[in-house]
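Remarks on the structure that follows.
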Amino acid sequence: MNVPSSSQRPRILTGDTPTGRLHIGHWVGSLENRVRLQDDYACFFLLANMHAFTTRADRPDDIRRDTLEIAKDRLAAGIDPERSTLVLETEIPAIAELSWYFAMLLPFNRVMRNPTLKTEIEVKDLGDRYSFGFPLYAVGQCADILAFRPDLVPVGEDQVAHIEMCREVARRFNWTYTKVAPEMADDDHLAHGGVFGIPKALVGRVGRLPGTDGKNKMSKSLGNVIFLTDSTKEIKRKLAQIYTGRQSMTEPGDITNALFTYVRAFIKDPAKVAELEDRYARGDEIGDGHVKADIATALEETLAPMRERRAALDGPAGDARVLEILRAHTDRANAVAEETLYLAKTAMRLDFGLRDLRMRP
Ligand code: TRP
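Throughout, the numbering used here is defined as the position within the sequence shown, counted from one, plus 1.
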């Protein structure tokens, strides 16, 4: 049977739900890893626009706008469209199909106990008013990942529970349809005839970046974010809001506070970080303003080149360019995902033939 072949480099799949522009929490949590990993992996970066509908089904315009924004932010951050593939979730039918099959392999209560899902219901105050489709997104996320049969899934800390569920699904599928024992070591599933390898999560350097409220995780819905596209002036204004409760330049400070999480996350010179920590902890004539100025300088170094690349993608010409990339990448992504679906359906005795998918404007 002539299954489309795919590259032999180890693969990565990860993604974001388009809920707004990307921020510096995304950068240290995952994006920075992604840019680096492009050298050694075939990377697939998902735009989870179908998931966006699980909480915002009534906002199609916003979802479309956010999807394009994120695609632009990624390109601006250094994702290389020649080497890496942007995956537009709604144009990859294999993801939706695999979601159905995987939903049968997960006990309903197992899905509802997923801690990330539970936290989200709480934080977004969904109560018991969420749609049937909302918890389904966690099953969908298993399909997002496994459709690309990746080795690694670089994510922020909050996503690890999802990756754990995805690993369970892969084991159950392999056991149910190819009789690979669930106790089999992660790396041995494929060699023993499993359809899916067991992917591993890779958490970024900073798993959880606090927002500018100094407390909660940086998150657009909490209004405590610094966007990758913020101007120098906006960044300074937002940093100025971080309140540590420290009274004077000579008061010994707490270097586990939000400010110092930023110091360690963004100041690249370890000697500089150590010096700031030492002086702050001792209250050696160093104010919060001083620390913030150093953070601003460091952020500027990271964000200035992104801002420049991003400006080139603004406006209608930028939109056209991004749409062109998305269409080309959809074909690339479908080549891999359709291959996976074919393998999975064959294992499930659903092998009735191959089909072709092609994107047209
Ligand atoms: N749920 C993820 C988030 O909100 C986004 C996401 C969707 C994802 N599918 C994925 C992340 C697959 C990693 C892999 O950030």
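No residue lacks a Cβ here, since even glycine has one placed at the ideal position from N, Cα and C.
This structure is a prediction, so every number in the text was calculated from the model and none was measured.
Helix, strand or coil at residue i according to DSSP, with G and I counted as helix
i, result
"Ala202", "strand"
"Ser7", "Because Ser7 sits at a pLDDT of 48, beneath the cut-off of 50, its placement in the model cannot be relied upon, and the following sentence gives the value as read from the coordinates. Of the three classes helix, strand and coil, the one that applies to Ser7 here is coil, per DSSP."
"Ile96", "helix"
"Phe174", "helix"
"Val196", "coil"
"Asp357", "coil"
"Lys218", "strand"
"Phe1", "The first residue shown for the chain is 2 and the last is 362, placing residue 1 beyond what the model contains."
"His24", "strand"
"Pro362", "coil"
Same chain, Cβ closer than 7 Å to residue i, neighbours up to 5 away in sequence not counted
i, result
"Asn225", "Gly212, Thr213, Asp214, Asn217 and Met219"
"Pro136", "Val112, Met113 and Leu118"
"Gly79", "Val36"
"Thr251", "Gly284 and Glu286"
"Ser85", "Gln39, Cys44 and Phe46"
"Gly195", "Asn175, Thr179 and Val181"
"Asn110", "none"
"Ile64", "Pro19, Asn50, Ala53, Phe54 and Arg57"
Whether residue i touches residue j by CB criterion (8 Å)
i, j, result
"Met166", "Ala148", "no"
"Leu48", "Ile71", "yes"
"Phe46", "Thr20", "no"
"Arg311", "Lys125", "no"
"Leu106", "Thr55", "no"
"Pro362", "Arg328", "yes"
"Arg238", "Arg12", "no"
"Arg168", "Pro200", "yes"
"Ile256", "Ala272", "no"
"Val1", "Ala202", "Residue 1 lies beyond the residue range present for the chain, which begins at 2 and ends at 362; the question has no answer from this structure."
Contacts around residue i, its chain only, beta-carbon distance under 8 Å, and the 5 residues preceding and following it disregarded
i, result
"Ile268", "Val274, Leu277, Asp295, Ile296 and Ala299"
"Thr262", "Val207, Leu210 and Pro211"
Residue interval of the alpha helix (DSSP H) (run including residue i)
i, result
"Phe45", "Looking at the DSSP string, Phe45 is not in any alpha helix (DSSP H); the run it does join, the beta strand (DSSP E), is Ala43 to Leu48."
"Pro366", "Past the boundaries of the shown model lies residue 366; the chain is included only from 2 to 362, so the question cannot be answered."
"Val292", "Asp289 to Ala312"
"Leu32", "No alpha helix (DSSP H) contains Leu32, which DSSP labels as neither H nor E."
"Val88", "Taken as a continuous stretch (DSSP letters only), Val88 belongs to no alpha helix (DSSP H), being part of the beta strand (DSSP E) at Thr86 to Leu89."
"Gly363", "Because the chain here runs from 2 to 362, residue 363 falls outside it and cannot be looked at."
"Gln142", "Gly134 to Leu147"
"Arg66", "Pro61 to Ala78"
"Asp352", "Note, Asp352: premise wrong, no alpha helix (DSSP H); not H, not E."
"Asn258", "Run containing Asn258: none; DSSP gives neither H nor E here."
"Val112", "Phe109 to Met113"
"Arg271", "Correcting the residue type first, residue 271 is Pro in the shown sequence and not Arg. Note, Pro271: alpha helix (DSSP H), Pro271 to Arg283."
"Ile236", "Thr233 to Ala241"
Run of the beta strand (DSSP E) containing residue i, from where it starts to where it stops
i, result
"Thr117", "Per DSSP, Thr117 belongs to no beta strand (DSSP E); it is in the alpha helix (DSSP H), Pro116 to Val124."
"Thr15", "Arg12 to Asp17"
"Val181", "No beta strand (DSSP E) holds Val181; DSSP gives it neither H nor E."
Closer than 7 Å: residue i CB and nearest the ligand NAP heavy atom
i, result
"Val156", "Judged by which ligands are present, the ligand NAP is missing from the structure shown, whose ligands are the ligand TRP."
Residues near residue i in its chain [Cβ-Cβ closer than 6 Å; skip 5 each side]
i, result
"Glu92", "Thr331"
*Tell me, please, whether the segment 283 to 291 touches the segment 233 to 253 by the rule of three or more beta-carbon pairs shorter than 8 Å.*
yes
_Taking contact to mean 3 or more Cβ pairs, one atom from each stretch, closer than 8 Å, check whether the segment 185 to 194 and the segment 229 to 239 are in contact._
no
*Kindly confirm or deny that the segment 334 to 341 and the segment 153 to 168 touch, where touching means at least three C-beta pairs closer than 8 Å.*
no
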